[in-house]
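*Asks:* Quick one: structure below, then a few questions.
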Amino acid sequence: MKRSEEITLQYFAFLDKHINDVISGIVPEFMELNEIAAELAVSHQHLTDTVKKEKGEHPCFFYDEKIIHEAKAMIAKSDQSIAEIARMFTYDPSNFSKFFKKLTGITPGAFRKDSQLKY
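Going from the sequence shown to our numbering is simple: count from 1 and add 10.
Okay, structure coming up:
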């Protein structure tokens with residue numbers, strides 16, 4: 011396995027664990043990309059260049075994508091309020107709604123309504 015593939019795999023494994031740790035309250039907030047790079051013992055620039063080369067997108071794209079994936083699952087499957095879910099993801103509820111809409115094209119409330127209609 012090439013070193014770039016190894017770094018990329020480590021990044022994705024770290025993201026999965028870190029996001030779950032934030033949701034479960036083990037970690038108080040999401041780390042910045044430079045902090046993640048330090049945890050992986052690479053520079054911020056090297057991590058960015060490596061993930062872009064291996065996957066075609068900036069590491070932040072995948073970070074946000076994984077957060078949205080987890081948020082969608084919670085919104086669709088739990089009866090917690092959107093505000094409670096936002097706080098679990100360490101967001102102010104209004105900022106969470108803006109973040110969610112920017113990445114999905116719909117608000118969390120509209121997503122919940124749509125997902126309930128499908129089941």
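Idealized CB from N, CA, C, for every residue including glycine.
The structure presented is a predicted model; accordingly, all values stated were derived computationally and were not measured.
1. If you compare alpha carbons, which of Gln20, Thr100 and Glu75 is closest to Lys111?
2. Should Ile29 be labelled buried (16 or more other beta-carbon atoms within 10 Å of its own) or exposed?
3. May I have the straight-line CA-CA distance separating Gly66 from Ala47, to the nearest angstrom?
4. Among the residues of its own chain, which have a CB less than 6 Å from the CB of Ile33, if the five just before and after it don't count?
5. Out of Glu16, Glu94, Tyr101 and Thr117, which one is the CA nearest neighbour of Ala51?
6. Over what stretch of residues does the alpha helix (DSSP H) that includes Ile130 continue unbroken?
7. Identify, in the order they occur along the chain, each residue of the same chain with its Cβ nearer than 7 Å to the Cβ of Ser91, setting aside the five sequence neighbours on each side.
8. Taking only three categories from DSSP, how would you classify Ile116?
9. Going by the beta-carbon positions, is the gap between Glu85 and Pro118 smaller than 7 Å?
10. Straight-line CA distance for Asn105 to Thr60?
11. Please report the residue range of the alpha helix (DSSP H) in which Val52 lies.
12. From Ser107 to Glu80, what distance separates their C-alpha atoms?
*Replies:* Short version:
1. Here residue 111 refers to the residue found at position 101 of the sequence shown. Answer by Cα proximity: Glu75.
2. Position 19 of the sequence shown, counting from 1, holds the residue named residue 29. The residue is buried, with at least 16 neighbouring Cβ atoms inside 10 Å.
3. As a position in the sequence shown, residue 66 is number 56, starting the count at 1. As a position in the sequence shown, residue 47 is number 37, starting the count at 1. So the two alpha carbons sit approximately 18 Å from each other.
4. Indexing the sequence shown from 1 puts residue 33 at position 23. Excluding residues within five positions, the ones whose Cβ falls inside 6 Å are Met98.
5. Counting from one through the sequence shown, the residue named residue 51 turns up at place 41. For the residues Glu16, Glu94, Tyr101 and Thr117, the minimum Cα distance to Ala51 belongs to Glu16.
6. For residue 130 there is no data in the structure shown, the boundaries of the chain being 11 and 129.
7. Start at 1 with the first residue of the sequence shown, and residue 91 comes out as number 81. The answer is none, since no qualifying residue turns up.
8. Counted from its first residue, the sequence shown places residue 116 at position 106. Under the three-state reduction of DSSP, Ile116 is assigned to coil, being neither helix nor strand.
9. For the purposes of this step, residue 85 is taken as residue 75 along the sequence shown, with counting starting at 1. For the purposes of this step, residue 118 is taken as residue 108 along the sequence shown, with counting starting at 1. Here residue 85 turns out to be Ile, not Glu, going by the sequence shown. Cβ atoms of Ile85 and Pro118: closer than 7 Å.
10. Walking along the sequence shown from the start, residue 105 turns up at place 95. Walking along the sequence shown from the start, residue 60 turns up at place 50. So the alpha carbons of these two residues sit roughly 30 Å apart.
11. Residue numbering aside, residue 52 sits at position 42 when the sequence shown is read from its first letter. From DSSP, Val52 is part of no alpha helix (DSSP H); its letter is neither H nor E.
12. As a working note, residue 107 is residue 97 in the sequence shown. As a working note, residue 80 is residue 70 in the sequence shown. So the two alpha carbons sit approximately 14 Å from each other.
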